[in-house]
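When we follow the working numbering, the leftmost residue of the sequence shown carries the number 66, and every step to the right adds one.
Glycine is no exception: its CB is placed at the ideal position from the N, C-alpha and C atoms.
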Amino acid sequence: MATAHLTYPLRLGVLNLMPDTWQTETELLGILPSVSHAIEITWLTVETHRPSGRHTDTAYVNSRYRSFWEAGTDLDGLIVTGAPLEHLAFEAVDYWAELADIMDYTRQHVACTVHIGWAALAAAYHFYGLTKENCFPRKIAGVYPLQKAVDVSSVFTDGIDAEITLCQSRHAYLREEKLQPLFSSGDLVPLFTSEETLRALEGQVLGTSIFASRSGRELFNLGHFEYGAATLDREWLRDQIREVPLDYEPEHYYQDVAHQRDLPLNTWIRPGRQFFVNFVRELARVKGTVAASEKAPVYAGAFSRFAPAVQSTLT
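Written out as structure tokens, the structure is:
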């Protein structure tokens with residue numbers, strides 16, 4: 066298992082936007098590097114949306130989670146999970162205004178944020194105006210091969226093989242031709258890409274799945290390193306009882322494709338753990354090079370009307 070060695074705690078927030086909060090917690094804790102003794106994890110939610118109780122006990126959420134503005138303005142790093150919202154325009158999401166404020170705040174006051182799945186689409190739209198393309202009712206679902214981007218040197222890809230696999234599970238995507246100008250200008254940096262053609266996109270290639278901002282403050286992962294071996298199976302079975310079921314199984318997933326059974330080996334967990342080790346190491350580097358005395362007090366209310374009217378000092 067990949068490890069990172071820290072001599073002082075890092076404050077890591079997880080903004081969990083998934084309906085099944087417990088399942089997402091379990092998956093993320095399974096992929097994060099084995100430095101739990103040196104990482105203080107704070108589980109966060111938004112003020113403007115609370116779980117309905119359909120998927121997660123509200124008492125559990127209320128006891129374990131705090132709003133970002135209450136507990137997330139003093140972080141070294143942040144992970145923002147996905148959410149099953151690809152069918153909606155971003156502005157139609159009930160907590161979009163607050164999420165946009167959170168993204169603006171973290172860009173200035175958090176060393177690095179990992180956006181996963183829908184959150185990566187949301188951040189790409191918010192920061193770069195990249196509009197998502199919907200493929201519903203078809204779905205990008207499966208375990209796909211990725212290749213490390215050539216001629217790119219990044220701390221976030223250190224120690225990761227040139228060829229890896231990654232779970233994908235989404236009804237939306239970014240057109241590669243919209244990403245390429247930002248790669249050419251250096252505003253975004255491609256990390257892992259794929260030439261795999263997809264049934265969901267009627268033969269289009271998967272394209273770039275993981276990329277970073279020029280500054281390295283934002284990481285965008287359209288896929289899911291954190292998924293367990295059974296997660297896509299569970300999602301596929303769920304999708305089959307919906308009004309518009311998928312007419313094909315997750316690609317490159319079942320070992321016995323004809324009968325949709327025999328789960329695959331989890332080949333994505335090793336690169337996933339190294340990815341998060343690299344993320345944690347970058348947080349530690351920034352924390353070690355920026356003296357606490359140099360960090361000015363930050364009033365979260367200057368960024369969002371959703372923040373409580375108190376001043377928070379970053380230390």
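Query: According to the neighbour-count rule (16 or more other Cβ atoms, all chains shown, within 10 Å of its Cβ), is histidine 152 buried or exposed?; Result: exposed
Query: So, using beta-carbon positions, are glutamate 291 and glycine 224 closer together than 9 Å?; Result: no
Query: Between the region 225 to 234 and the region 194 to 202, do at least 3 Cβ pairs fall closer than 8 Å?; Result: no
Query: Just the Cα atoms here: how many angstroms apart are leucine 77 and alanine 176?; Result: 10 Å
Query: Within a Cβ cutoff of 6 Å, which residues of the same chain sit near arginine 279, ignoring the five residues on either side of it in sequence?; Result: Gly251 and Asp252
Query: Buried or exposed, going by whether 16 or more other CB atoms sit within 10 Å of the CB of aspartate 122?; Result: exposed
Query: Going by the beta-carbon positions, is the gap between proline 329 and alanine 294 smaller than 9 Å?; Result: yes
Query: Quick test of the definition: if touching needs 3 or more C-beta pairs under 8 Å, does the region 332 to 346 touch the region 93 to 113?; Result: yes
Query: Can serine 259 and glutamine 212 be called in contact, C-beta distance under 9 Å?; Result: yes
Query: Mind checking which residues open and close the alpha helix (DSSP H) that includes histidine 191?; Result: 183 to 193
Query: Select from Trp87, Ile96, Pro74 and Leu82 the residue whose C-alpha is nearest the C-alpha of asparagine 331.; Result: Ile96
Query: At what residue ranges does the region 169 to 253 contain a whole run of the beta strand (DSSP E), taking only runs of 3 or more?; Result: 177 to 181, 205 to 213 and 228 to 235
Query: Check whether the Cβ atoms of alanine 154 and leucine 311 sit closer than 9 Å, and answer yes or no.; Result: no
Query: Just mark leucine 94 as buried or exposed, buried being the case when its beta carbon has 16 or more other beta carbons within 10 Å.; Result: exposed
Query: If you drop the 5 nearest sequence neighbours on each side, which residues of the same chain put their C-beta closer than 6 Å to that of isoleucine 464?; Result: No answer is possible for residue 464: it lies beyond the span of the chain, which begins at 66 and ends at 380.
Query: Within 10 Å of its beta-carbon, does glycine 272 have 16 or more other beta-carbons around it, so buried, or fewer, so exposed?; Result: buried
Query: Return the CA-CA distance between threonine 262 and asparagine 127, expressed in angstroms with no decimal places.; Result: 43 Å
Query: For valine 215, which of Arg282, Phe257, Gly281 and Ala188 has the nearest alpha-carbon?; Result: Phe257
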